[in-house]
Amino acid sequence: MGNALITIIQVYGALGGLVAIAFLFWGVDRIAPDARGAYVFRPLLIPGVVLLWPLVLWRWQVLERERDVAQRRHKPPRRSQDVFAALLALAIPIILVVALLIRQQGPFEWPAQEIEQASTEEASQ
Amino acid sequence: MSVKYIPVQWNFNKYFYDLVLLICVAVYILVFIRIGTPEAGVTRPIDGAIIRMRAFGTCAFLMLTVILCIGPLARLDRRFLPLLYNRRHFGVLTFLVALTHVVYVLNWYYAFSDISPVVGLLTTSETSGQLLGFPFEWFGMLALVILAILAFTSHDFWLAFLSAPVWKRLHLLIYVAYAAAVAHFALGYLQDATNPFFMIVAGGGAVMVSVLHLAAGLKASADGEQAHKGEWIEVGDPTVIPDGRAIIVRIKGNERAAIFRNGDALSAVSNACAHQNGPLGEGRIIDGCITCPWHGFQYRPEDGCAPAPFTEKIPTYDLRLEGDTLLIAAKAHPPGTKVDPLTVPERDA
Ligand code: FES
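Protein sequence lines, in the order shown, are assigned to chains A and B. Mapping of the first sequence onto our numbering: position 33 corresponds to residue 39, and the numbering continues sequentially without gaps. Mapping of the second sequence onto our numbering: position 245 corresponds to residue 254, and the numbering continues sequentially without gaps.
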């Protein structure tokens with residue numbers, strides 16, 4: 007399984023590299039007027055494009071075909087944020103309690119007992 | 010504000026914020042290494058590499074905890090807003106600290122092996138199908154990958170390119186990252202830690218994140234929907250809006266408008282800033298412009314346009330009076346549309 011995972015990661019990364027080249031040399035100028043003539047910041051975008059190239063391709067085509075709805079830019083995902091926050095608030099105590107329960111020593115370890123000493127005393131008698 | 014994308018826009022506040030952050034991280038790491046070392050002895054052989062690994066790991070965890078607290082704190086109390094101002098640098102620094110932790114881990118566990126550490130980690134720690142002994146490293150890796158995605162998309166370009174709502178959806182992954190980090194810490198460090206101090210600090214921090222999010226969620230759900238009158242929504246008494254400030258009106262679903270008073274003129278704009286969808290209605294009018302409380306983008310109240318040379322625009326809304334009651338249109342105008350302000354005398358003091 008490990009090896010398959012590595013192959014998948016490599017293929018994904020290689021495709022991401024290709025998308026990054028196309029996007030940074032050509033796409034950015036077409037879809038982001040603010041970026042025309044600004045080159046210094048482009049290398050900063052490379053890791054993001056490589057990691058998220060499917061998302062980049064999707065947004066690229068939306069902007070390229072002028073399908074972007076300006077009004078939508080002003081509707082933040084409040085609902086989903088509230089849901090995520092509530093789930094996190096619930097998950098934290100559950101994770102902590104489970105982790106403490108499966109701890110072999112209980113919440114805190116007892117101080118170590120020195121069993122060595124008794125046997126040396128016996129031996130010296 | 011972005012006219013052109015220059016690498017990073019720096020100003021004094023950001024330098025100061027970053028400096029404080031860096032100092033805190035450095036002090037934490039140094040203190041941890043100092044205090045951690047005496048624990049090591051012949052019976053408990055902990056070497057420098059492990060201490061450093063733990064120092065950076067716990068530091069990243071605590072930083073993530075603080076980041077997660079900033080959002081709800083700022084919602085509960087405006088005095089925490091300044092912390093929000095440069096939260097992105099905080100996030101990027103957290104990613105770097107977590108990455109340092111991982112580099113130490115990989116160098117330690119795979120130091121004498123000739124396979125690459127990353128390949129080693131992916132191929133050797135396969136799950137045994139039970140909770141106890143589940144490789145907690147996987148949770149750590151998940152958190153790291155998410156932190157990487159968030160750090161790499163933190164540049165303003167991504168906000169404009171993806172649009173703020175999509176960018177925000179992507180950045181909601183921070184919640185998943187934190188849950189994964191808690192699991193990583195709880196199934197790893199917590200399992201054999203003998204010193205209760207750190208358990209209490211980190212566990213307490215995580216519980217605080219939980220409580221703050223619940224509190225902020227309850228506060229937010231308390232503001233109800235306004236009464237609809239067909240195309241118009243009832244707002245109420247316009248004189249309650251203080252000069253230079255706004256009230257926030259819920260239009261429908263995720264849409265909110267901010268109604269600002271500038272002297273005796275009322276104007277309504279979208280509550281979501283064009284930058285990161287910050288809550289404009291919690292901002293103020295400064296130099297005649299609506300100023301976002303998060304990072305200070307500005308817009309003219311009458312047309313929602315940022316003053317030249319900036320180019321950001323936000324939607325505007327029509328307002329009207331019916332007797333003494335203020336009404337706002339349920340449908341917004343496209344961003345940057347000019348709407349004549351409504352004149353409403355200020356309340357007599
Ligand atoms: S959200 Fe950044 S300035 Fe408004």
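Here a beta-carbon is modelled for each residue, glycine too, at the ideal position from N, C-alpha and C.
DSSP three-state assignment for C314(B), whether helix, strand or coil: Here the question's residue 314(B) lines up with position 305 in the second sequence. Strand at C314(B).
Inter-residue CB distance, Y94(B) and Y26(B) (contact presumed, cutoff 8 Å): Locating residue 94(B) in the second sequence gives position 85, counting from the first residue. Locating residue 26(B) in the second sequence gives position 17, counting from the first residue. Correct: roughly 7 Å between the Cβ atoms.
Establish whether the CB of L199(B) and some CB of chain A are separated by less than 8 Å. Here the question's residue 199(B) lines up with position 190 in the second sequence. So, interface residue.
For a test of your reading of the model: does the CB of N286(B) fall under 7 Å from any non-hydrogen atom of ligand 1? Yes or no. Residue 286(B) sits at position 277 when you count from the first residue of the second sequence. For ligand 1, at least one heavy atom lies less than 7 Å from the Cβ of N286(B).
Within chain B, partners of P82(A) - CB distance below 8 Å: As a position in the first sequence, residue 82(A) is number 76, starting the count at 1. Per Cβ cutoff of 8 Å: A173, P174, K177, N263, A281 and N286.
Local conformation of V46(A) per DSSP, three classes: In the first sequence, the residue the question calls residue 46(A) occupies position 40. Of the three classes helix, strand and coil, the one that applies to V46(A) here is coil, per DSSP.
Closer than 8 Å to chain B by CB, R71(A): For the purposes of this step, residue 71(A) is taken as the residue at position 65 of the first sequence. So, not an interface residue.
Tell me, to the nearest whole angstrom, how far the beta carbon of P324(B) is from that of P344(B); I am working on the premise that it is less than 8 Å. For this step, residue 324(B) is matched to residue 315 along the second sequence. For this step, residue 344(B) is matched to residue 335 along the second sequence. About 5 Å separates the CB atoms of P324(B) and P344(B); that is less than 8 Å, so the two are in contact.
For K347(B), three-class secondary structure by DSSP: For this step, residue 347(B) is matched to residue 338 along the second sequence. Of the three classes helix, strand and coil, the one that applies to K347(B) here is coil, per DSSP.
Between the CA atoms of I209(B) and A69(B) - distance to the nearest angstrom: On the second sequence, residue 69(B) is found 60 positions in, with the first residue counted as 1. On the second sequence, residue 209(B) is found 200 positions in, with the first residue counted as 1. The alpha-carbon atoms of A69(B) and I209(B) are separated by roughly 16 Å.
Under 9 Å between beta-carbons, which chain A residues line up against V114(B)? List them in chain order, please. Taking the second sequence and counting its residues from 1, the one referred to as residue 114(B) is at position 105. Residues of chain A passing the Cβ test: none, with the nearest at roughly 17 Å.
Using a Cβ-Cβ cut-off of less than 7 Å, list which residues of the segment 334–349 of chain B approach chain A; keep chain order. Look at the segment 334–349 of chain B: the residues with a C-beta under 7 Å from a C-beta of chain A are A341, P343 and P344.
Any chance you could list the alpha helix (DSSP H) runs of at least 4 consecutive residues sitting entirely within the segment 48–101 of chain A, in chain order? 48–57 and 59–70
Measuring alpha carbon to alpha carbon, tell me which residue in P247(B), V34(B) and A152(B) is nearest L351(B). For this step, residue 351(B) is matched to residue 342 along the second sequence. Nearest option by C-alpha distance: P247(B).
Using a Cβ-Cβ cutoff of less than 7 Å, which residues in the same chain neighbour V89(A) once the five nearest sequence positions on both sides are dropped? Numbered from its first residue, the first sequence carries residue 89(A) at position 83. There are no such residues.
In angstroms with no decimal places, state the Cα-to-Cα distance between F170(B) and L82(B). In the second sequence, residue 170(B) corresponds to position 161, counting from 1. In the second sequence, residue 82(B) corresponds to position 73, counting from 1. Going by the C-alpha atoms only, they are around 29 Å apart.
Going by C-alpha to C-alpha distance, which of K340(B), N280(B), A190(B) and F148(B) sits closest to T74(B)? Locating residue 74(B) in the second sequence gives position 65, where the first residue counts as 1. Checked all of K340(B), N280(B), A190(B) and F148(B); the closest Cα to T74(B) is A190(B).
Contact under 8 Å by Cβ, G22(A) with W59(A): Numbered from 1 along the first sequence, position 16 holds the residue referred to as residue 22(A). Numbered from 1 along the first sequence, position 53 holds the residue referred to as residue 59(A). In terms of Cβ geometry, G22(A) and W59(A) form a close pair [threshold 8 Å].
So, with DSSP's three-state summary, where would you put A69(B)? Looking up residue 69(B) in the second sequence gives position 60. In the structure shown, the three-state DSSP call for A69(B) is helix.
Check the Cβ of F207(B) against every Cβ in chain E and list those closer than 9 Å, keeping chain order. In the structure shown, chain E does not exist; the protein chains are A and B.
So which residues of chain A does L328(B) contact, with C-beta pairs closer than 8 Å? For the purposes of this step, residue 328(B) is taken as the residue at position 319 of the second sequence. Those do not exist, as L328(B) stays about 17 Å from chain A at its closest Cβ, beyond 8 Å.
Just checking W59(A) against ligand 1 - is the residue's beta carbon closer than 7 Å to any of the ligand's heavy atoms? Numbered from its first residue, the first sequence carries residue 59(A) at position 53. Checking the Cβ of W59(A) against ligand 1 gives no.
Flag I98(A) as yes if its beta-carbon sits less than 8 Å from any beta-carbon of chain B, otherwise no. Sequence index remark: in the first sequence, residue 98(A) carries index 92 (1-based). I98(A) counts as touching chain B.
Just to confirm my understanding: we take K23(B), look at its own chain, exclude 5 residues before and 5 after, and list those with CB closer than 6 Å. What are they? Position 14 of the second sequence, counted from the start, is the residue given in the question as residue 23(B). Answer for K23(B): N95, listed in chain order.
Inter-stretch contact (C-beta, 8 Å, three-pair minimum) for the segment 66–83 of chain A and the segment 185–200 of chain B: They do not touch, by the three-pair rule.
Since W32(A) is in the alpha helix (DSSP H), which residue starts that stretch and which ends it? Residue mapping note: residue 32(A) aligns to position 26 of the first sequence, counting from 1. W32(A): not part of any alpha helix (DSSP H); DSSP gives it neither H nor E.
K322(B) by DSSP, collapsed to three states: which one? If you number the second sequence from 1, residue 322(B) lands on position 313. It is a strand residue.
When you compare each of W176(B), V154(B) and I155(B) to H164(B) by their alpha carbons, which one comes out closest? The count along the second sequence starts at 1 and reaches residue 164(B) at position 155. Proximity to H164(B) across W176(B), V154(B) and I155(B) peaks at W176(B), based on C-alpha coordinates.
Which value, in whole angstroms, describes the spacing of the CA atoms of G138(B) and P144(B)? Against the second sequence, residue 138(B) aligns to sequence position 129. Against the second sequence, residue 144(B) aligns to sequence position 135. Bear in mind that a pLDDT of 45 at G138(B), under 50, signals an unreliable position, so the model cannot answer this.
Give a yes or no on whether the C-beta atoms belonging to A192(B) and F104(B) are separated by under 8 Å. Looking up residue 192(B) in the second sequence gives position 183. Looking up residue 104(B) in the second sequence gives position 95. No.
Consider the C-beta atom of H363(B) and the heavy atoms of ligand 1; say whether any pair is separated by less than 7 Å. No answer is possible for residue 363(B): the residues shown for chain B start at 10 and end at 358.
Cβ-heavy atom distance, C301(B) to ligand 1, below 7 Å: Position 292 of the second sequence, counted from the first residue, corresponds to residue 301(B). In terms of side-chain proximity, the C-beta atom of C301(B) is found nearer than 7 Å to a non-hydrogen atom of ligand 1.
Could you tell me whether any Cβ in chain B is nearer than 8 Å to the Cβ of L24(A)? Taking the first sequence and counting its residues from 1, one reaches residue 24(A) at position 18. No - not a single Cβ of chain B is within 8 Å of the one on L24(A).
Of all the CB atoms in chain A, is at least one closer than 8 Å to the CB of S137(B)? Within the second sequence, residue 137(B) is the residue found at index 128, counting from 1. With a pLDDT of 44 at S137(B), under the threshold of 50, the modelled position of that residue is not reliable, and no figure is offered here.
Could you have a look at G245(B) and say whether DSSP puts it in helix, strand or coil? As a working note, residue 245(B) is residue 236 in the second sequence. In the structure shown, G245(B) sits in a strand (DSSP, three-state: E or B).
Could you check what DSSP says for E264(B) in three-state terms: helix, strand or coil? Taking the second sequence and counting its residues from 1, one reaches residue 264(B) at position 255. Strand, per DSSP.
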